[in-house]
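Enquirer:
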Amino acid sequence: MLGTIIAIVVVAIVVIWAVVQYNGLVARRNTVDESFGQIETQLQRRFDLIPNLVATAKEYAAHEVKVFESVTEARAEAGRAAATGSTEGVAKADKLLHDAAMEINAVAEAYPDLKASANFGQLQEELASTENKVAFSRQAYNDSVNDYNTKRESFPSNILAKIFKFTARDMFTVEDPAARRAVRVDFS
Amino acid sequence: MDSAPVRIDRESFRVRLGKLKRGIAISWVVNFTLLALTIEAALIFTLLSGSTSNEKIVSFLLSTIPISLAIAALSMVILSARSWKSIVLELGTVQTDPATTKYIQNIVEEMSIAAGLRGDEIPQVGVIPSDEPNAFALAGRGGSMVAVTTGLLQITTREELQGVIAHEIGHLLTGDSKAMTKLIAMSSVVGIISGIGARFFRGGDNGNKNPLAIALIVLSLIFLIAAPFLSQLANASMQRKRESQADAMAVRLTRNPDALAKALRKIDGAYSSVAFPKKKHSVDHAAKQLAFFNRNAYRTHPPIEERVHELKRMGADPSI
Chain A
9 MLGTIIAIVV
19 VAIVVIWAVV
29 QYNGLVARRN
39 TVDESFGQIE
49 TQLQRRFDLI
59 PNLVATAKEY
69 AAHEVKVFES
79 VTEARAEAGR
89 AAATGSTEGV
99 AKADKLLHDA
109 AMEINAVAEA
119 YPDLKASANF
129 GQLQEELAST
139 ENKVAFSRQA
149 YNDSVNDYNT
159 KRESFPSNIL
169 AKIFKFTARD
179 MFTVEDPAAR
189 RAVRVDFS
Chain B
5 MDSAPVRIDR
15 ESFRVRLGKL
25 KRGIAISWVV
35 NFTLLALTIE
45 AALIFTLLSG
55 STSNEKIVSF
65 LLSTIPISLA
75 IAALSMVILS
85 ARSWKSIVLE
95 LGTVQTDPAT
105 TKYIQNIVEE
115 MSIAAGLRGD
125 EIPQVGVIPS
135 DEPNAFALAG
145 RGGSMVAVTT
155 GLLQITTREE
165 LQGVIAHEIG
175 HLLTGDSKAM
185 TKLIAMSSVV
195 GIISGIGARF
205 FRGGDNGNKN
215 PLAIALIVLS
225 LIFLIAAPFL
235 SQLANASMQR
245 KRESQADAMA
255 VRLTRNPDAL
265 AKALRKIDGA
275 YSSVAFPKKK
285 HSVDHAAKQL
295 AFFNRNAYRT
305 HPPIEERVHE
315 LKRMGADPSI
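Residue numbers (this note's numbering), protein chains in the order written: chain A, 9 to 196; chain B, 5 to 324.
(1) Chain A partners of B:Glu113, CB-CB under 7 Å?
(2) Please check the pair A:Ala82 and A:Asp107, which I expect to be a contact at CB under 8 Å, by giving their CB distance rounded to whole angstroms.
(3) Which residue comes first and which comes last in the alpha helix (DSSP H) that contains B:Ile308?
(4) What residues in its chain sit with their C-beta under 6 Å from that of B:Ile173, if we drop five residues either side in the sequence?
(5) Mark B:Val325 as exposed unless 16 or more other C-beta atoms lie within 10 angstroms of its C-beta, in which case mark it buried.
(6) Can you give the Cα-Cα distance for A:Phe84 and B:Gly273, rounded to whole angstroms?
(7) Please name the residue or residues paired with B:Thr105 in a DSSP beta bridge.
(8) Measure the beta-carbon distance from B:Ile188 to B:Ser235 and round it to whole angstroms, keeping in mind my assumption that it falls under 8 Å.
(9) Which whole-angstrom value describes the C-beta separation of A:Leu105 and A:Phe55, a residue pair presumed to lie in contact below a C-beta threshold of 8 Å?
(10) Which chain A residues are close to B:Ala118, counting only those with a beta carbon under 7 Å from its beta carbon?
(11) Would you identify the three-state DSSP class for B:Gly273, choosing helix, strand or coil?
(12) Can you give me the Cβ contacts of B:Ser253 inside the same chain, cut-off strictly under 6 Å, excluding the 5 residues immediately before and after it?
(13) Run through chain A and tell me which residues come within less than 9 Å of B:Ala103, C-beta to C-beta.
(14) Along chain A, in chain order, which residues have C-beta atoms closer than 9 Å to that of B:Asn214?
(15) Identify the continuous beta strand (DSSP E) that holds A:Val19 and give its terminal residues.
(16) Here's the rule I'm using: 16 or more other beta-carbon atoms within 10 Å means buried, otherwise exposed. How should A:Val27 be labelled?
(17) Determine whether the beta carbon atoms of B:Thr42 and B:Gly195 lie at a separation below 8 Å.
(18) Since A:Leu131 and A:Thr80 are thought to touch, with beta carbons under 8 Å apart, how far apart are those beta carbons, to the nearest angstrom?
(19) Return the residues of the stretch 33-59 of chain A that lie within a Cβ-Cβ distance of less than 8 Å from chain B, sorted by chain order.
(20) Could you tell me whether the Cβ of B:Asn110 comes closer than 8 Å to any Cβ of chain A?
(21) From A:Gly45 to A:Lys100, what does the alpha carbon distance come to, in whole angstroms?
(22) Listing by chain order, which chain B residues have their CB less than 7 Å from the CB of A:Ser162?
(23) Consult DSSP for A:Thr158 and reduce its assignment to one of helix, strand or coil.
(24) Return the CA-CA distance between B:Thr160 and B:Ala267, expressed in angstroms with no decimal places.
(25) Please classify A:Gly93: does DSSP put it in a helix, a strand, or coil?
(26) Using a beta-carbon distance below 8 Å, is A:Ile21 in contact with chain B?
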């Protein structure tokens with residue numbers, strides 16, 4: 009009788025432990041997925057912002073046709089890369105859009121009228137903020153991946169991770185170290 | 005693009021954050037215990053007669069202790085859901101021009117993204133018309149708000165403001181135990197008044213006095229008087245930890261200890277160079293304890309020097 013009770017208690021403890029560990033893994037995996045969604049959202053914002061930037065820049069720097077063409081092209085390519093939904097595709101889109109935005113900024117440097125216009129100033133704040141948002145969503149994603157992978161690999165939750173096939177996630181890496189640093193617009 | 009990328013010893017600030025978190029958890033436990041004891045003392049002081057026998061004292065305690073614990077737990081739940089609307093009204097936020105509003109909103113959104121906040125969790129933005137450079141974080145069931153003064157907007161760069169806002173969001177992520185102090189003070193006042201009232205109306209306790217009962221009543225009165233001070237004492241030390249924790253959180257969110265350290269220096273400089281009107285028009289009159297920077301509360305806020313030093317340990321430029 010006593011033996012049965014002990015057995016039941018032990019089984020109950022193991023089951024409760026397993027449920028807690030499993031839920032912990034699921035919660036962390038969901039955070040990883042949500043954070044990845046956030047990166048895509050912010051990339052979409054930047055994607056939508058670029059035509060506005062181009063339109064405003066065109067008013068003041070009409071003959072920089074080549075720049076605008078290459079920016080528009082890069083944007084289209086970024087759209088296709090992001091549509092794959094894979095980490096590499098999104099990373100590629102991130103880089104393309106970042107470079108495109110930087111190109112327009114470079115144009116603005118050469119055209120003081122453009123740089124001084126109120127509309128472009130606002131767009132630049134939007135751009136600086138969007139660049140930051142992309143960078144911070146990447147950072148939040150990597151933090152969540154780190155958290156999830158640590159939980160997945162550490163004992164004893166790794167036992168459950170193996171049984172239920174919780175696969176490792178990749179960090180979001182940026183090849184170009186310059187792209188790590190967000191655009192900083194100086195308002196002073 | 006003025007400074008080289010900042011290297012942060014992530015291990016050190018993670019460990020630091022963990023330690024601070026434990027410290028703050030202790031402050032909640034201390035406050036909860038104090039609140040439960042205050043309610044129990046109020047019950048003893050109000051209801052226990054001086055001639056109660058030993059057996060009855062035991063059964064009185066056995067029946068009232070669970071009640072006190074339950075009331076304390078319930079109060080904590082209600083407290084954690086309190087609305088911040090009234091505090092915001094007291095501070096008096098203003099509308100600013102769309103560009104400025106967007107600028108602050110952008111920074112708040114950036115930090116919310118870094119903190120992994122979503123939807124309703126993203127705080128609203130408020131601007132307080134005051135020349136004093138300061139910032140506040142307010143939270144309740146109705147959502148949360150980060151408010152900055154116009155004075156702060158004037159002296160900070162975008163990065164520095166980002167650091168300050170990250171600090172405030174750090175507060176929102178960790179909760180606050182200051183309201184507990186108010187609750188304990190309230191309970192103790194209610195306990196003393198109701199106890200004196202009850203004793204007055206009941207008249208003198210006739211019959212044999214039980215020394216144990218008398219001792220309990222006297223002890224509970226002493227505790228009722230001391231409780232608010234004990235709670236304040238416990239919170240003052242925890243408050244410092246909370247500030248350091250919010251600073252560490254800000255570094256975790258921005259990965260930019262330089263900007264926060266610079267902002268602290270600037271704010272400190274602004275306060276020491278200009279004599280801001282005291283009381284009434286002063287922002288910290290309205291929300292002394294909530295402030296990012298509190299010149300009068302060195303017992304609750306670590307000194308600027310200490311905060312900057314801590315930020316340097318987390319990777320800030322040593323020359324700041």
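All residues carry an ideal CB built from backbone N, CA and C; glycine is no exception.
Expert: Well, looking at it:
(1) Lys141
(2) 7 Å
(3) 308-317
(4) Met115, Ala119
(5) Residue 325 of chain B is absent from the structure shown; chain B starts at 5 and stops at 324.
(6) Residue identity differs from the one stated: residue 84 of chain A is Ala in this sequence, not Phe. When rounded, the distance between both Cα atoms is 49 Å.
(7) According to DSSP, B:Thr105 bridges with nothing at all.
(8) 4 Å
(9) 6 Å
(10) Phe144, Gln147, Ala148
(11) helix
(12) Before going further, note that residue 253 of chain B is Met rather than Ser in the sequence given. So the list reads Gly174, once near-sequence residues are dropped.
(13) Ala126, Gly129, Gln130, Glu133
(14) By Cβ distance, chain A contributes nothing, its closest Cβ being about 45 Å from B:Asn214, past 9 Å.
(15) Here A:Val19 belongs to no beta strand (DSSP E); instead the alpha helix (DSSP H) covers 10-68.
(16) exposed
(17) yes
(18) So it is not a contact: roughly 16 Å between Cβ atoms.
(19) Thr39, Glu42, Ser43, Gln46, Gln50
(20) yes
(21) 16 Å
(22) Ordered by position in chain B, no residue passes the 7 Å Cβ test against A:Ser162, which lies about 15 Å from the chain.
(23) helix
(24) 7 Å
(25) coil
(26) no
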